[in-house]
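In our numbering, the protein residues as written are 27 to 809.
One structure is given here, and the rest of the page talks about it.
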Amino acid sequence: MSFTFEARTLLELGKELISSDEVALYELIKNAVDAGSTRVEILVTVEITHTDFKEIVARVEEEGHDLPEVTDYLQSCLIDASSVDAYRLVAALRDATDRAQYLGIIRSWYATANTIEVRDSGHGMSLDDLENIFLRVGTRSRRTENQQGARNLGDKGIGRLSAMRLGDGLQVKTTKAGESHWNLLDIDWTLFSHDSKRSIEEIKIEPFVGEEKSSAEESGTRILISDLQSDWTDVRFTDILQGRIARMVDPFVAGAANRLLVARHNGQRVSIPSIPQALLDSAHAYCHINFDLIDGEPVLTGLVDYRFRHRSVRIDERGAAVHSLAQQAVKRRAKRGHAAFRLVPVRPSAFTSLGKFSADIYWFNRRVVEAVAGLTEKMADTRREISHWSGGPMLYRYGFRILPYGDPSNDWLDLDENAFGVSGFKLNRQQVVGRVLLETPHTALSEQTNREGLIQSDAADALRKILMWVVHTELRGLINEADEIEFIERRAADEDTRLATDTRKRVDDALERIRRIMGPAAAADLADLTKSVAQLTTQSASLAERIEKVVSEAEEEREKFVYLAGIGLMTEFIFHELDRAVGHTMELLSEGSLRQSTINSLREQLKTLHKRISAFDELTGEKRQSKSKFDTADLVDEVLSNHEREFARHGIVVSFERPDRPMIVNAVRGMLIQILENLIVNAAYWLKQQKRYENGFAPRISVVLDGDDKTLTVEDNGPGVTEDRKERIFQPFITSKPTGQGRGLGLYISRELAEYHKWRLHMDAEVGRIRKGRLNMFVLDMG
27 MSFTFEARTL LELGKELISS DEVALYELIK NAVDAGSTRV EILVTVEITH
77 TDFKEIVARV EEEGHDLPEV TDYLQSCLID ASSVDAYRLV AALRDATDRA
127 QYLGIIRSWY ATANTIEVRD SGHGMSLDDL ENIFLRVGTR SRRTENQQGA
177 RNLGDKGIGR LSAMRLGDGL QVKTTKAGES HWNLLDIDWT LFSHDSKRSI
227 EEIKIEPFVG EEKSSAEESG TRILISDLQS DWTDVRFTDI LQGRIARMVD
277 PFVAGAANRL LVARHNGQRV SIPSIPQALL DSAHAYCHIN FDLIDGEPVL
327 TGLVDYRFRH RSVRIDERGA AVHSLAQQAV KRRAKRGHAA FRLVPVRPSA
377 FTSLGKFSAD IYWFNRRVVE AVAGLTEKMA DTRREISHWS GGPMLYRYGF
427 RILPYGDPSN DWLDLDENAF GVSGFKLNRQ QVVGRVLLET PHTALSEQTN
477 REGLIQSDAA DALRKILMWV VHTELRGLIN EADEIEFIER RAADEDTRLA
527 TDTRKRVDDA LERIRRIMGP AAAADLADLT KSVAQLTTQS ASLAERIEKV
577 VSEAEEEREK FVYLAGIGLM TEFIFHELDR AVGHTMELLS EGSLRQSTIN
627 SLREQLKTLH KRISAFDELT GEKRQSKSKF DTADLVDEVL SNHEREFARH
677 GIVVSFERPD RPMIVNAVRG MLIQILENLI VNAAYWLKQQ KRYENGFAPR
727 ISVVLDGDDK TLTVEDNGPG VTEDRKERIF QPFITSKPTG QGRGLGLYIS
777 RELAEYHKWR LHMDAEVGRI RKGRLNMFVL DMG
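Take a look at the structure:
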């Protein structure tokens with residue numbers, strides 16, 4: 027005895043797995059491509075809409091409508107009432123003697139009147155293939171091919187059910203090269219309806235040999251779907267092709283869809299657009315990345331270019347840094363806030379499974395878009411063009427889309443969720459056009475059977491985390507950073523213009539005083555001076571108007587940023603530092619190793635926090651801190667001793683080189699503790715990442731206090747920082763930790779505290795001391 031199921035289950039399966047007509051059509055296209063066809067024809071023939079057909083049937087079944095009136099109504103609904111077929115239909119209907127005969131004629135006619143035919147010139151199927159592969163739902167023939175290195179787009183064996191969604195009738199006409207005849211298969215899907223109580227075994231479907239071929243070498247398949255169950259007007263067909271289907275065949279490759287697909291509606295060709303290159307070239311920011319495994323090491327490289335502000339940043343993360351940003355955040359039970367999550371390292375095998383991929387992401391500031399030469403005539407046109415292709419990055423494999431990434435209902439990179447966050451409210455899906463190109467086969471990164479994305483796996487999680495870091499940290503961070511600088515420069519220009527206006531007033535006043543003193547004798551000279559001043563005034567006014575226009579365009583956006591950044595940064599600072607200070611102390615307390623020096627250190631940090639909290643309402647400046655004189659070496663000893671357990675737990679070897687004599691500074695003790703704590707915690711974090719990534723790695727931290735140069739250096743042998751990022755890492759919200767977990771405030775705050783003392787915190791300029799092309803040493807210059 028084995029499982030069996032009722033025939034209607036097949037109908038339910040098709041409806042659940044093929045979610046829309048567009049997806050059904052896309053599945054038929056992919057089947058043709060997998061069959062090896064380089065060209066696919068989609069031919070839609072419609073003589074009457076499905077909606078009109080149902081209305082006609084309803085009128086026949088209702089006694090209140092005369093049949094001649096129904097026939098007149100039908101004639102008015104026909105797409106081409108003057109055709110021979112239409113004439114014959116109308117004649118047959120007028121000869122009908124009763125409603126039952128009338129219904130029989132109209133239903134029989136409609137069953138073949140509207141069709142969708144998909145033709146390809148692929149390798150085709152034999153009679154045996156039809157029986158043992160096509161009629162066997164879930165066959166693994168394509169998956170077996172993929173396991174052997176093929177690049178089939180589908181391998182689940184259920185794509186053929188897409189025909190069931192489109193219409194109740196199906197005919198498959200197919201042949202392989204070398205065969206003498208066509209092979210045919212007819213299916214009536216109504217046999218599987220809910221009204222049927224038969225089991226699947228009771229419905230017999232047999233393929234059979236059809237007519238002889240004109241050429242034995244001809245091959246291919248023709249899928250003819252009839253008795254269509256939805257409206258396929260020319261408008262809807264065009265919308266589908268130029269909308270979702272246009273996104274399914276990589277639209278970033280000019281003409282790719284039109285080279286593959288020949289689509290006609292009642293004989294009229296429908297073109298399929300690609301994304302205009304001129305539109306992409308007009309994007310305000312562009313990001314390109316590549317991910318690869320080089321000698322077993324994960325490497326993420328690329329460029330973020332904010333064209334609108336003429337600023338760019340290079341991406342070069344590898345090894346432990348990539349492992350860090352791809353980590354997963356797992357929620358801890360019964361906790362809230364930052365400490366409610368723990369980071370779970372990604373397995374090295376995830377990157378092997380993920381393989382190579384690349385991404386192109388374009389960002390448009392919809393407020394300042396302009397007409398694009400050769401494409402649009404005004405701002406509104408450009409916005410509509412952006413809307414047609416936006417929605418976030420779409421995911422492609424072998425040039426064909428993996429659904430539903432980038433759909434209106436899918437925010438897989440949390441662009442909209444974070445769109446109005448503290449650090450980047452401008453970046454949302456309506457402003458982003460993009461694609462991600464996978465080279466990973468199905469066997470390593472599989473799609474869900476219901477076409478609702480990739481199956482959850484370590485590789486799929488790593489892909490998403492990497493992309494989220496690129497978008498939220500690198501792209502968003504550069505946009506916000508550059509806009510802030512631009513705002514400062516605009517304000518400076520505006521101030522210069524105001525100074526010019528003030529100068530003009532002073533000159534006018536001076537000229538008036540001279541006129542009063544010298545009288546008519548100086549009238550000519552004064553007239554020339556007055557004219558020159560008037561010209562300068564006009565030029566200044568014109569410049570002021572241009573500047574005011576630029577400022578006004580960004581005013582609302584800027585106010586929002588200032589408010590969010592001001593409030594958010596202060597609260598982020600407080601909770602970030604409080605979490606760090608108290609969390610470490612509680613950890614030591616739970617281990618039973620709390621020392622008096624730890625308590626003293628915590629007291630100093632909390633004292634500083636209280637003073638910063640008291641300044642919260644002002645949002646700007648620092649309240650004066652109480653400075654004292656102390657030996658810097660003793661403070662370093664205290665901080666390092668507080669981390670002894672952590673260092674021992676992770677095998678981190680720490681060396682501290684003290685100066686020959688006490689190095690006394692006059693400073694806020696708690697602030698210096700915070701600076702050093704941030705540097706030590708930062709070093710320890712990256713050493714842990716490197717140790718997880720590199721077998722046999724021996725982590726070490728070197729702290730050097732130079733009494734002559736008045737410098738404190740902290741160096742580790744972790745992954746380090748590229749020279750391009752040595753300044754950027756001090757910007758707020760810039761981090762290489764997983765998106766949503768790394769605050770990106772530690773180094774920023776440390777530099778702020780250093781500058782309060784008129785010190786300088788920076789990275790040492792010597793590249794490659796520890797790792798080739800990287801910087802690993804932080805320098806606090808207290809001279």
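From the three backbone atoms N, C-alpha and C, an ideal C-beta is built for every residue, glycine too.
As the structure is a computational prediction, the values presented were derived from the model and not from experiment.
Proximity winner among THR658, MET697, ASN704 and ILE690, relative to HIS669 (alpha-carbon distances): ASN704
Identified DSSP bridge partners for ASN209: THR200 and VAL235
Check: ARG684 C-beta below 7 Å from any heavy atom of the ligand FAD: Here there are no bound small molecules, and the ligand FAD is not part of this structure.
For LEU289, the nearest candidate out of ILE315, TYR52, TYR99 and GLN255 (CA to CA): The displayed chain sequence assigns Ala, not Leu, to residue 289. Cα-wise, what sits closest to ALA289 is TYR52.
For VAL729: DSSP bridge partner residues: PHE682 and VAL740
Supposed close pair THR77, ASP257 - CB separation, criterion 8 Å: 5 Å
As assigned by DSSP and simplified to three states, the class of PHE377: helix
DSSP state of THR35 mapped onto helix, strand, coil: helix
Same chain, Cβ closer than 6 Å to VAL325, neighbours up to 5 away in sequence not counted: ASP318 and ARG344
Nearest neighbour of ARG187, chosen from ALA112, SER240 and LEU37 [CA to CA]: The identity of residue 187 in the sequence shown is Leu, whereas the question assumes Arg. Of the candidates ALA112, SER240 and LEU37, the one whose C-alpha sits nearest the C-alpha of LEU187 is LEU37.
Coil, strand or helix - LYS655 by DSSP: strand
Cα-Cα separation, ARG675 to SER667: 14 Å
Host beta strand (DSSP E) of TYR332 (start-end): 323-332
Under the three-state DSSP convention, the category GLN40 falls into: The question names Gln, but residue 40 is Gly in the sequence shown. Here GLY40 sits in helix by DSSP.
Buried versus exposed, by CB contacts within 10 Å (16 or more), THR247: buried
Where LEU620 falls: helix, strand or coil (DSSP): Residue placement at LEU620 is poorly supported in this model, since its pLDDT is 49, which falls under 50; the coordinates still yield a value, given next. Reduced to three states, the DSSP call for LEU620 is coil.
3-residue-minimum beta strand (DSSP E) runs that sit fully inside the region 214-296, ordered along the chain: 234-238, 246-254, 287-291 and 294-296
VAL691 versus GLU778: straight-line alpha-carbon distance, rounded: 18 Å
Exposure label - GLN303; buried when at least 16 CB within 10 Å: exposed
6 Å Cβ shell around THR748 - same chain, five flanking residues per side excluded: ASP342
Boundaries of the alpha helix (DSSP H) in which SER338 is found, first to last residue: SER338 -> not in any alpha helix (DSSP H); beta strand (DSSP E) instead, spanning 337-344.
For LEU369, the residue or residues it bridges with in DSSP: ALA355
ASP484 versus LYS80: straight-line alpha-carbon distance, rounded: 49 Å
DSSP three-state assignment for ASP318, whether helix, strand or coil: strand
Spatial distance of VAL235 from LEU250 (CA atoms): 17 Å
Beta bridge counterpart(s) of ALA10 as assigned by DSSP: This structure does not reach residue 10, given that the chain is present from 27 up to 809, and the question cannot be answered.
Per DSSP, cross-strand counterpart(s) of GLY418: VAL459
Closest by C-alpha distance to ASP154, when choosing among THR201, ARG168, VAL496 and GLY180: THR201
Same chain only: Cβ atoms within 7 Å of GLY40, ignoring 5 sequence neighbours per side: LEU187, MET190 and ARG191
Own chain, CB closer than 6 Å to ALA580, minus 5 neighbours either side, in chain order: With a pLDDT of 41 at ALA580, under the threshold of 50, the modelled position of that residue is not reliable, and no figure is offered here.
Close Cβ partners of GLU571 (< 8 Å) along its chain, the five nearest in sequence each way excluded: Because GLU571 sits at a pLDDT of 48, beneath the cut-off of 50, its placement in the model cannot be relied upon, and the following sentence gives the value as read from the coordinates. None.
Identity of the residues DSSP links to ALA693 by a beta bridge: SER654
Distance CB(VAL49)-CB(LEU287) smaller than 8 Å: no
DSSP beta-bridge partners of VAL70: ILE142 and HIS291
Alpha-carbon to alpha-carbon, MET697 and ASP830: Here the chain has residues from 27 to 809 only, and residue 830 is not among them.
Continuous alpha helix (DSSP H) stretch holding MET789: start and end: Premise fails: MET789 lies in the beta strand (DSSP E), 786-789, not in any alpha helix (DSSP H).
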